[in-house]
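One structure below.
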Amino acid sequence: MKTTLKTFLVATIVSMPLVAALPAQDAHAQQATKTSKSASNVKLIRLLSAYHELPSEDLFAKASATPEQDLITIAKDTTVFKAHRYRALEALAAYWPSKRTVALFDGLFASVDEQDLMLHQLLTISSKHLDKTLATSWATPYLSSTDEQVRYTAVDALGRINTPASKSAIKKALETETNNWVKEHMKQMLIEIR
Numbered sequence: 000m001k002t003t004l005k006t007f008l009v010a011t012i013v014s015m016p017l018v019a020a021l022p023a024q025d026a027h028a029q030q031a032t033k034t035s036k037s038a039s040n041v042k043l044i045r046l047l048s049a050y051h052e053l054p055s056e057d058l059f060a061k062a063s064a065t066p067e068q069d070l071i072t073i074a075k076d077t078t079v080f081k082a083h084r085y086r087a088l089e090a091l092a093a094y095w096p097s098k099r100t101v102a103l104f105d106g107l108f109a110s111v112d113e114q115d116l117m118l119h120q121l122l123t124i125s126s127k128h129l130d131k132t133l134a135t136s137w138a139t140p141y142l143s144s145t146d147e148q149v150r151y152t153a154v155d156a157l158g159r160i161n162t163p164a165s166k167s168a169i170k171k172a173l174e175t176e177t178n179n180w181v182k183e184h185m186k187q188m189l190i191e192i193r
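Read the sequence shown against numbering that gives the first Met the number 0 and you will find it ends at 193, with the numbers running on by one and no gaps.
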């Protein structure tokens with residue numbers, strides 16, 4: 000009986016058209032193209048929706064004649080699905096770490112609320128892709144946040160940056176850290192930073 004059921008299920012799944020199982024379009028991409036300032040960036044928004052990993056710079060260039068400017072527009076657009084904004088920021092930092100991108104990050108760090116997931120994304124993305132000195136200057140003030148999750152993310156970012164300055168910032172913050180969870184994370188990062 001198990002073999003018959005297994006055979007039936009495999010035959011059914013294999014014979015199902017894949018297209019029928021998938022939505023015709025990402026619902027968030029569809030909404031963004033109707034209601035946002037980024038409506039003209041349909042191809043980029045779909046590209047930002049379609050991959051688990053960051054799409055290549057070449058794919059962004061094929062989707063837009065001005066990918067850097069269009070990604071900046073998406074990243075700034077608060078009406079766009081947040082995941083698209085985060086992915087646009089990551090693409091900008093990874094492929095176009097220009098003065099415009101740095102200015103965008105600077106502005107977002109200056110205006111973001113500590114309770115907003117955007118802060119965690121900014122810390123993570125900047126520590127992965129942007130200038131280490133800049134990323135350290137953005138992350139260090141958050142070591143004294145009143146929110147332990149923000150402090151934890153700042154420690155993560157500084158550990159990823161992995162410079163003498165980032166190590167020094169964590170060491171200094173460890174002296175006054177009161178949360179055991181964050182303290183342990185700081186100690187672990189200090190071991191990992193070389």
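Glycine included, C-beta positions come from ideal geometry on N, C-alpha and C.
On a Cα-Cα basis, can you pick out the residue from 165, 118, 141 and 176 that is closest to residue 190? Stepping through the sequence shown from its first residue, residue 190 is reached at position 191. Comparing Cα-Cα distances from residue 190 to each of 165, 118, 141 and 176, the minimum goes to 165.
Taking only three categories from DSSP, how would you classify residue 150? Your numbering for residue 150 matches position 151 in the sequence shown. Helix, per DSSP.
Top-ranked residue by Cα proximity to residue 90, from 102, 76, 71 and 106: The count along the sequence shown starts at 1 and reaches residue 90 at position 91. Nearest of 102, 76, 71 and 106 to residue 90, Cα basis: 71.
At a cut of 8 Å, does the stretch 108-115 reach the stretch 127-134 through at least three beta carbon pairs? Counting C-beta pairs closer than 8 Å gives fewer than three between the stretch 108-115 and the stretch 127-134, which falls short of the contact rule.
Backbone CA spacing between residue 40 and residue 103 [nearest angstrom]: Residue 40 sits at position 41 when you count from the first residue of the sequence shown. Residue 103 sits at position 104 when you count from the first residue of the sequence shown. Cα-Cα distance, rounded: 19 Å.
What does the alpha-carbon distance come out to for the pair residue 45 and residue 155? To locate residue 45, count along the sequence shown from 1; it is residue 46. To locate residue 155, count along the sequence shown from 1; it is residue 156. So the two alpha carbons sit approximately 30 Å from each other.
Do residue 59 and residue 85 have their beta-carbon atoms positioned less than 9 Å apart in this structure? Locating residue 85 in the sequence shown gives position 86, where the first residue counts as 1. Locating residue 59 in the sequence shown gives position 60, where the first residue counts as 1. Result no, Cβ atoms of residue 85 and residue 59 do not sit closer than 9 Å.
Short Cβ contact (9 Å threshold) for residue 147 with residue 101: By one-based count along the sequence shown, residue 147 stands at place 148. By one-based count along the sequence shown, residue 101 stands at place 102. With a cutoff of 9 Å on beta-carbon distance, residue 147 and residue 101 are scored as not near each other.
Among 160, 144, 73 and 64, which residue has its Cα nearest to the Cα of residue 48? For the purposes of this step, residue 48 is taken as residue 49 along the sequence shown, with counting starting at 1. Cα-wise, what sits closest to residue 48 is 73.
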